[in-house]
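Residue numbers (the UniProt record's numbering), protein chains in the order written: chain S, 1 to 338; chain W, 1 to 338. Every residue, glycine too, gets a C-beta built ideally from N, C-alpha and C. Keep in mind it's a predicted model, so treat the numbers as computed, not measured.
Number of protein chains: 2
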Amino acid sequence: MSVTIKDIALALGISPSTVSRALNGHPDISEETRKSVKDVAKKMNYHVNQMASSLRTKKSFSIGVVVPKIASYFFSSALSGIQEVAVSNNYQVLICQTNESPTLEKKYISSLLSAKVDGLLISLAKGSKNIKHIQRVIEHNVPLVLFDRTSDSFKVHKIEAEDFKGAHRAVTHLIDTGCKRIVHLSGPDTLAASLNRMRGYKEALKDKGLEVDDELIVPCDFDPETGRKAIKRLLDKYPDIDGIFTVNDELGVESILTLKSMGIKVPDRVSVVGFGDFPICRIVDPQLSSVSHHPEKIGYEAAKCLLDQMKNKQKENNTRRVVPSELVIRASSSKKLS
Amino acid sequence: MSVTIKDIALALGISPSTVSRALNGHPDISEETRKSVKDVAKKMNYHVNQMASSLRTKKSFSIGVVVPKIASYFFSSALSGIQEVAVSNNYQVLICQTNESPTLEKKYISSLLSAKVDGLLISLAKGSKNIKHIQRVIEHNVPLVLFDRTSDSFKVHKIEAEDFKGAHRAVTHLIDTGCKRIVHLSGPDTLAASLNRMRGYKEALKDKGLEVDDELIVPCDFDPETGRKAIKRLLDKYPDIDGIFTVNDELGVESILTLKSMGIKVPDRVSVVGFGDFPICRIVDPQLSSVSHHPEKIGYEAAKCLLDQMKNKQKENNTRRVVPSELVIRASSSKKLS
DNA sequence: CTGAAAGCGCTTACAG
DNA sequence: CTGAAAGCGCTTACAG
């Protein structure tokens, strides 16, 4: 049904070997043969059969990507970055979405291994504590890079945002602009990023001589509704709260909306800083200050790192690369100092 | 290096044929053999080689998806829907992003054909006027479904949002709440969706006895900056403009931000309605009324339609399925009628 | 510069 | 219930 090199060979009265070589730019082939083969291939609308080629060469020219959720600004942007690198190196991208389910994560990894991907890019589901399925990838000797949602449990290459420093900068900024009692809406403690951002928050307080009050740290599991309730509860209890630092921008935006609905002025009474610098920061009123995250760049670097690993067969296998972040100050944290 | 059925056969002293059959649940195999094969396979950490299997069976169990931009709410949500259907039917998804470039679109389609995908889901780049590469897919007899970004140039299955009716409803609502001079920020005229939304706008005006003024229809090519300028220009020229209907929510949000920056009250002086009902509608202040679009559902239906086509080999090949939309009224169009 | 032959890992019609 | 053999479409070491 589909056109094969055999068909082309037949049409030209030459051997399939020669057709294959001509198509692949093998140097041995005469210019004349090459041209006629390419012409006929085009005329017959030939497309190489990747499966056959991969089976033979043991290279699938595809990489697998596993993310918790495609429909999020961060991951869809990261995917763009990955795609860019992959495509310019002639790789296909197989994308799977775990919906934060470790079970699905396991299943997808297994089917990507069956698809014989040449490498794997994984951003862990937030509930992924069980490490066996990741460990298995390592044992399979399939090149692997974790990005953003990483874990210290694995000795693999990792690409992360500058979580600690970014958070530290954000909270220092809040303190510098007069905040004395700062809430942190934090993320799942299975993720290195959450923990690092929390560390940044704590260290910044300490560095400025402020006390860390665990009651002001509320794990929200990335859920806006939880954040909303926490803010209401905490502000009722401690009316002197004057700053909020959130583990991501969704929670930052939710904080602003919640405060507004409570009649609390942002930033006059409470300043807010998020993390991510997503487009929603510019839509909410007042605009949300945030730590710029560079999701596309993170995806880009992760893919780069993976390709390096695939090409060089480098033996080092536990690097960590951090993509720099910057604090972007907007209206939500521009408190008038009195 | 990787474990194959031959290795398992060797380990058990049986033939590869039997191993294959046992693994695939062939009824002929004795319960005993099946069990021991599965045990050993697990123990040896065996993963079937999809490439070999596909080459043999002529089924790759993968579908290709081509979208203009992964990092957008609409497409990332649609991808989720697609993924859901694909996975529950044991299909892998190959995703490509064209960045609105017809050249890349062509290239990706070609490489997806090489990857021998069992079917193709395409949302056209906005500049795609040249139809040859799509036509080639049809000729290749690869099942194809266009979704959202469709074109009437092709006789294929299409899944669309309820563009005409949705737009009609939105504009009727604007008129019903007192708007008399309504601007439309429109999309690229290569896309059926843009044209249908524009038609909806025009028909709604006519149905209410209002005149269609072409000067009030501004093609923005989905670009917020263009929208911003258009609004400034038009409101300068026609201060009696009292409504804006935008082809998507990004432009709707941009309209609100622009009007606010001009000191024009929304909705008191100008009402705004967008299209899409994306999360940003609830973030902007005032919240943006919009036509609910159901991107995930569109992806879901498109994938369903593709699988049906792949399974039934149905000969009908030019259906159009429209996913219903609803108008969601929020503050941006709740003008106080005097 | 070109061809014949082997083989990648799997599935399946055929035979028993 | 199980096995031997052929073949999917390609690539490549070997030979000339």
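Linking S/R197 to S/F164 through their CA atoms gives a straight-line distance of about 5 Å. Neighbours of S/D240 in chain W, taken as residues whose beta carbon is under 7 Å from its own, are absent, since the nearest beta carbon is some 27 Å off. Using a C-beta cut-off of 8 Å, the segment 124–134 of chain S makes no contact with the segment 105–117 of chain W, since fewer than three inter-stretch Cβ pairs fall below that distance. The straight-line gap separating the alpha-carbon atoms of S/N312 and S/V156 is approximately 15 Å.
Listed in chain order, the positions of the segment 28–52 of chain S with a beta carbon within less than 8 Å of a beta carbon of chain W are N45, H47, V48, N49, Q50, M51 and A52. Under the three-state reduction of DSSP, W/L124 is assigned to coil, being neither helix nor strand. Residues of chain W with a Cβ closer than 7 Å to the Cβ of S/R269 do not exist, since the nearest Cβ in that chain sits about 18 Å away. Just so you know, the alpha carbons of S/L185 and S/S325 end up roughly 19 Å apart. With distances taken between CA atoms, S/F154 lies nearest to S/V137 out of S/V137, S/R169 and S/E162. Neighbours of S/V253 in chain W, taken as residues whose beta carbon is under 8 Å from its own, are I283 in chain order. Inclusion of W/L174 and W/F275 in the CB contact set at 8 Å is not warranted, their separation being larger than that value.
Separation of S/A170 and S/A230 (C-alpha to C-alpha, rounded to the nearest whole angstrom) is 20 Å. Rounded to the nearest angstrom, the gap between the Cα atoms of S/N318 and S/K158 is 7 Å.
Chain W has no Cβ within less than 8 Å of the Cβ of S/Y300. With the rule of 3 Cβ pairs closer than 8 Å, the segment 204–221 of chain S does not count as touching the segment 261–269 of chain S. At a beta-carbon threshold of 9 Å, the residues of chain W lying near S/S110 are H47, ordered along the chain. Here W/G209 is exposed, its C-beta having fewer than 16 other C-beta atoms within 10 Å. Residue-level contact check: S/I280 touches chain W, since one or more beta carbons of chain W fall below 8 Å from its beta carbon.
Rounded to whole angstroms, S/S2 and W/L10 show a C-alpha spacing of 35 Å.
If you check the CB distance, S/P188 and S/S123 do not come in under 8 Å. Listed in chain order, the positions of the segment 68–87 of chain W with a beta carbon within less than 8 Å of a beta carbon of chain S are K69, I70, A71, S72, Y73, F75, S76, S77, L79, S80, Q83 and V87.
Here W/E160 is bridged, per DSSP, to W/V322.
Secondary structure at S/V218: strand, using DSSP grouped into helix, strand and coil. One finds N49, M51, A52 and L55 in chain S with Cβ atoms closer than 8 Å to the Cβ of W/L55, taken in chain order. For S/R136, the chain W residues whose Cβ falls inside 9 Å of its Cβ are N45, in order along the chain. In this structure, S/A331 and S/P279 do not form a Cβ contact; the two beta carbons are roughly 16 Å apart against a cut-off of 8 Å. By the beta-carbon neighbour count (other beta carbons within 10 angstroms, threshold 16), S/E160 is buried. Between W/P219 and W/E250 a beta carbon distance of about 15 Å is seen, past the 8 Å cut, so the two are scored as non-contacting. At a beta-carbon threshold of 8 Å, none of the residues of chain S lie near W/L185; the nearest stands roughly 17 Å away.
Of all residues in the segment 92–116 of chain S, those with a C-beta nearer than 9 Å to a C-beta of chain W are Q92, V93, L94, I95, C96, Q97, N99, L104, K107, Y108, S110, S111, L112, L113, S114, A115 and K116, reading in chain order.
Under DSSP, W/Q97 shares a beta bridge with W/V67.
Note on W/M44: under 16 other CB atoms within 10 angstroms of its CB, so exposed under the neighbour-count rule. The three-state reading of DSSP puts S/T246 in strand, counting E and B together.
When DSSP reads this structure, W/F275 sits in a beta bridge with W/V291.
The Cβ-Cβ distance between W/C179 and W/S290 does not fall below 8 Å. If you draw a straight line from the Cα of W/H140 to the Cα of W/H133, it is about 11 Å long.
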